[in-house]
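Q:
Residue numbers (my numbering): 136 to 722.
Written out as structure tokens, the structure reads:
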């Protein structure tokens, strides 16, 4: 360094600490001149001092914290914030970031110009810690390059560094942003969790393979390979995950479930852990429940203005039943929680019964179903009715008893929100009738049904125009229109080559009005209800989805794959052929 305070001489510090004699220092200096290595590295190689002794002595002289760099202590993704060239010039290696503070290993932590430069590059407050210069430079080169990330971290772990953690004390991880010195497996698991949060993953799959362990993230509904640690690390990784999930690490023959709250990137995140024995070993799936994902307004989920207005009318009714339907993973929970966030007030008593409680919300009383002790949906729902509720949310209507109690609650002055597994909105009516709900009760209780799907949206970094195949246009009910430009993603580093980044909802909103109530009371089948609703101006899922593709927010093939065309009476997404270049309005 050409600026800042005078460099501390390692030899003088070690002499003062009585870790070296003058003769040993003279011999080491001669060897350093011959090899061209750093003096500290030479002293360690000669066995005159240990790396820990060297760092501790220098840290005491400078009055700062010190650390000996080890594999797994540095997050490779942080190095990109300052770049390899600048990191080498400053002799600085970012280790971790907690909120707006970044901890950086520096050879000269006393250098204020270097600290100021790091603050300028990262936009963070800098917490410098002392590390050996040769260690810093070696790790910078090791973690730089296009392969930096979890793979480079895994590659830095030698088999001898893998520690079995079966005997670790059980307890939840409180802060993943703090690396555990000397524990590579712990840091590997922490990094897998941290990167999943940063990449917006909803699930982590840790699976045994014949020759390796496979780690995959589910991002935007699709699984993506992340890394493949050494096969010998699998049992240690599984044990570590089970420890933080407070599961029995000795039980490998039976499925287990666990839950833990972690701190990552400055916020608390809940993890649901599930283990399953397979032929090759245990597999673990971690569901990431990031409350930040719920901080969205209903208007940002993908509703068209007309469908959103209709949904809001259902929610503003003081009583009645509102159903949200769709397959697993279609975003029903996000829709319901966003709705509850909209209507919750200190004056409203909102109670939910869920299995499991995925997110904990303020101002809402949430009840966890525990069937092993008899706390079922129906039993909890009956108890809730004695708690003076205004709004009730039922995580899922699974049986006749729950359905009956929910309908009765809707008829007796409560607003009841619930989910159901059906393919479309009209199918929800038939499903409840199959459960034994009399048509005359259902017609009076039901406010409306929302059926939904999730489709991936085009990555804006690699979006390009294209023309779909004639078969796709025909399936969508669209004539070939050379004047209309569709959009897809070419694939880039921002979207991991998929062409998609993020997802949006496709919503079929069937509000129950006079004519539909009459049909339900008469026991009409799903097709009759769907036809009447579409004659009143309703848009089925396929039509809603094609409108998203026409607006350029997703590819036509993506929206077709996520929806079906049953029960649709209109030939195209706007109820008419797209002649003369007319495209239906969509948002």
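The beta carbon of each residue, even a glycine, is placed where N, CA and C say it ideally should be.
Answer with buried or exposed for residue 383, where buried requires no fewer than 16 other C-beta atoms within 10 angstroms of its C-beta.
A: By the 10 Å Cβ count, residue 383 comes out exposed.
Q: My output table needs one value for residue 229: the three-state DSSP class, helix, strand or coil.
A: strand
Q: Would you decide whether residue 229 is buried or exposed? Buried here means 16 or more other CB atoms lie within 10 Å of its CB.
A: buried
Q: Mapping the DSSP letters down to three states, classify residue 326 as helix, strand or coil.
A: helix
Q: Quick check on the burial criterion: 16 or more other C-beta atoms within 10 angstroms. Buried or exposed for residue 638?
A: buried
Q: Pick out the complete beta strand (DSSP E) segments inside the segment 610-669, 3 residues or longer, and give them in chain order.
A: 621-624 and 635-646
Q: Cβ of residue 610 within 8 Å of Cβ of residue 550?
A: no
Q: Compute the minimum distance between the beta carbon of residue 379 and the heavy atoms of the ligand PLP, and state whether it is under 7 Å.
A: Among the components modelled here there is no ligand, and therefore nothing to report on the ligand PLP.
Q: Compute the beta-carbon to beta-carbon distance between residue 424 and residue 407, rounded to the nearest angstrom, for a pair I have assumed lies under 8 Å.
A: About 7 Å separates the Cβ atoms of residue 424 and residue 407, confirming a contact at the 8 Å cut-off.
Q: Grab the span of the beta strand (DSSP E) containing residue 498 for me, first residue to last.
A: Looking at the DSSP string, residue 498 is not in any beta strand (DSSP E), and its letter there is neither H nor E.
Q: If I follow the unbroken alpha helix (DSSP H) through residue 562, where does it start and stop?
A: 560-569
Q: Is the number of C-beta pairs between the segment 625-634 and the segment 664-684 that are closer than 8 Å three or more?
A: no
Q: Let me make sure I understand the geometry here. Which of 364, 349 and 354 has the alpha-carbon closest to that of residue 122?
A: Residue 122 lies beyond the range of the chain shown here (136 to 722); nothing can be said about it.
Q: Any idea what DSSP makes of residue 590, helix, strand or coil?
A: Here residue 590 sits in strand by DSSP.
Q: Going by DSSP in three states, residue 545 sits in which element: helix, strand or coil?
A: helix
Q: Using 8 Å as the cut-off, can you tell me whether the segment 654-673 makes contact with the segment 448-458, which would need three or more C-beta pairs spanning the two stretches below that distance?
A: no
Q: On the three-state DSSP scale, how would you describe residue 150?
A: helix
Q: For residue 346, does the three-state DSSP call read helix, strand or coil?
A: coil
Q: Suppose the cutoff is 6 Å on Cβ atoms and the five residues either side in sequence are ignored; what does the same chain contact list for residue 636 look like?
A: Correct list, in chain order: 594 and 630.
Q: Please state whether DSSP places residue 391 in a helix, a strand or coil.
A: strand
Q: Tell me which same chain residues have a C-beta within less than 7 Å of the C-beta of residue 584, skipping the five on either side of it?
A: Counting only Cβ-Cβ distances below 7 Å, and skipping sequence neighbours, we find 458, 460, 560, 563 and 645.
Q: Just to confirm, are residue 545 and residue 520 a CB contact at a threshold of 8 Å?
A: no
Q: Would the segment 319-331 and the segment 364-382 be scored as touching if the rule is three or more Cβ pairs under 8 Å?
A: Contact holds: three or more Cβ-Cβ distances are below 8 Å.
Q: Identify whether residue 418 lies in helix, strand or coil by the three-state DSSP scheme.
A: strand
Q: From this set, 265, 239, 245 and 490, which residue's C-alpha is nearest residue 253's C-alpha?
A: 239
Q: Of the choices 534, 670 and 698, whose alpha-carbon is the least far from that of residue 678?
A: 698
Q: If you draw a straight line from the C-alpha of residue 513 to the C-alpha of residue 532, how long is it?
A: 9 Å
Q: Considering only the alpha carbon of each residue, which of 649, 416 and 398 lies closest to residue 332?
A: 398
Q: Using 10 angstroms around the beta-carbon of residue 452, count the other beta-carbons present and answer buried if the total reaches 16, otherwise exposed.
A: exposed
Q: By Cβ distance below 6 Å, which residues in the same chain neighbour residue 200 in space, the five residues on each side in sequence not counted?
A: Once the five neighbours on either side are set aside, the close Cβ partners of residue 200 are 264.
Q: Near residue 299, what residues of its chain come up, given a Cβ to Cβ distance below 6 Å and the 5 sequence neighbours on each side ignored?
A: Bear in mind that the predicted position of residue 299 carries a pLDDT of just 29, short of 50, making it unreliable; the figure below should be weighed with that in mind. The residues are 371.
Q: State the DSSP-derived secondary structure class of residue 245, mapped to helix, strand or coil.
A: Coil at residue 245, not helix or strand.
Q: Evaluate residue 415 with the Cβ neighbour count: other Cβ atoms within 10 Å of its Cβ, from every protein chain shown; 16 or more gives buried, anything less gives exposed.
A: Exposed, because fewer than 16 other Cβ atoms sit within 10 Å of the Cβ of residue 415.
Q: Is the distance from the Cβ of residue 155 to the Cβ of residue 183 below 8 Å?
A: Yes, they are a contact pair.
Q: Compare the Cα-Cα distances from residue 347 to each of 361, 276 and 467 and report the closest residue.
A: 361
Q: Classify residue 185: buried if its beta carbon has 16 or more other beta carbons within 10 angstroms, exposed otherwise.
A: exposed
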